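Notes follow once the structure below has been shown.
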Amino acid sequence: QKEVEQNSGPLSVPEGAIASLNCTYSDRGSQSFFWYRQYSGKSPELIMSIYSNGDKEDGRFTAQLNKASQYVSLLIRDSQPSDSATYLCALWDYKLSFGAGTTVTVRA
Amino acid sequence: GAVVSQHPSRVICKSGTSVKIECRSLDFQATTMFWYRQFPKKSLMLMATSNEGSKATYEQGVEKDKFLINHASLTLSTLTVTSAHPEDSSFYICSARTDSNSPLHFGNGTRLTVT
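Right under this line is the structure:
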């Protein structure tokens with residue numbers, strides 16, 4: 001499997017703040033990247049997909065991809081307690097490989 | 001939207017018995033399905049890629065004779081954990097893509113406990 005490194009956290013942010021999550025990958029040829037959210041005891045759900053360099057915004061979430069530096073990040077703006085979960089970075093290369101996940105806790 | 005259904009959601013079995021987990025794509029055909037395993041506080045690890053009409057492709061370190069995968073139709077893949085042991089207790093999750101350009105969609109997972 002392709003190596004995907006993710007700062008494992010945990011990350012604690014106050015409600016309303018920005019949560020910043022980072023992920024690096026080893027294969028320069030990787031093209032497709034995803035962020036999944038996983039609540040405790042549940043299966044992952046897709047938040048964002050990103051394929052091109054730059055930013056992609058969807059509501060309070062912004063994914064950033066920098067292929068030259070081989071990193072992908074996720075920003076969660078106006079964090080809410082319901083955002084408390086584990087966030088998994090993943091890349092696709094004929095199969096989906098996951099990072100270790102970052103557990104985010106949003107303090108009310 | 002795409003839905004992947006997994007059954008059962010939770011199963012408890014005795015050591016030495018076998019357990020079958022079903023994964024269905026409800027509103028699309030999936031020529032390929034993926035089986036993951038997740039231990040507590042760990043990330044998802046790919047076990048095998050299930051291919052409709054052919055043998056599954058197993059990841060390194062996964063025993064193909066212990067984890068039997070059958071993908072007999074375009075909407076159903078099954079994972080059978082044979083001669084289960086307590087160390088097989090884990091969260092098993094299947095997933096599928098609607099097409100080659102879509103992200104993976106995950107089933108709700110199966111919590112297996114082997115006593």
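For the protein sequence lines, the chains are A and B, in the order given.
Here my numbering is used: position 96 in the first sequence is 96, and no number is missing along the way.
Here my numbering is used: position 13 in the second sequence is 13, and no number is missing along the way.
No residue lacks a Cβ here, since even glycine has one placed at the ideal position from N, Cα and C.
Quantities reported herein were computed from a predicted structural model and do not represent experimental measurements.
Item, Value
"Nearest neighbour of G53 of chain B, chosen from B:L46, B:D27, B:A72, B:L44 [CA to CA]", "B:A72"
"Proximal chain A residues relative to P8 of chain B, where beta-carbon distance stays under 9 Å", "The premise fails here: P8 of chain B is roughly 14 Å from chain A at the closest Cβ pair, so nothing lies under 9 Å."
"Beta-carbon proximity list for E45 of chain A, same chain, < 7 Å, skipping 5 on both sides", "Y36, R37"
"For Q38 of chain B, the nearest candidate out of B:H105, B:S83, B:T98, B:D88 (CA to CA)", "B:D88"
"Where the beta strand (DSSP E) through V114 of chain B begins and ends", "110-114"
"Same chain, Cβ closer than 7 Å to G16 of chain A, neighbours up to 5 away in sequence not counted", "D78, S79"
"Within-8 Å CB hit, G9 of chain A to chain B", "no"
"Local conformation of P14 of chain A per DSSP, three classes", "strand"
"Contact set for L46 of chain B: own chain, Cβ-Cβ below 8 Å, skip 5 residues either direction", "F34, W35, Y36, E59"
"Where the segment 12-40 of chain A meets chain B: residues whose CB sits under 7 Å from a CB there", "F34"
"S49 of chain A, DSSP secondary structure in three states", "strand"
"Chain A contacts from the segment 32-47 of chain B (Cβ-Cβ distance under 7 Å)", "F34, S43, L44, L46"
"Within the segment 46-95 of chain A, ranges of the beta strand (DSSP E) (whole runs, at least 3 residues)", "54-58, 61-66, 71-76, 85-92"
"Contact list for S43 of chain A against chain B, beta-carbon separation under 7 Å", "I93, F106, G107, N108, G109"
"Interface partners of F98 of chain A on chain B, CB under 7 Å", "S43, L44"
"CB-CB length for K56 of chain A against I50 of chain A, believed under 8 Å", "5 Å"
"Q1 of chain A classed as buried or exposed, judged by whether at least 16 other C-beta atoms fall within 10 angstroms", "In this prediction, Q1 of chain A has a pLDDT of 48, which is less than 50 and means its spatial position is unreliable; what the coordinates show is noted afterwards. Exposed, by the Cβ-count rule."
"Selected residue, minimal CA-CA separation from A56 of chain B, among B:T78, B:K14, B:K20", "B:T78"
"Burial state of Q31 of chain A, where buried means 16 or more other Cβ atoms lie within 10 Å", "exposed"
"Limits of the beta strand (DSSP E) - the one that R10 of chain B falls within", "10-13"
"Cβ neighbour criterion (16 or more within 10 Å) applied to R28 of chain A", "exposed"
"Any C-beta of chain A under 8 Å from that of P86 of chain B", "no"
"E59 of chain B in three-state terms, based on DSSP", "coil"
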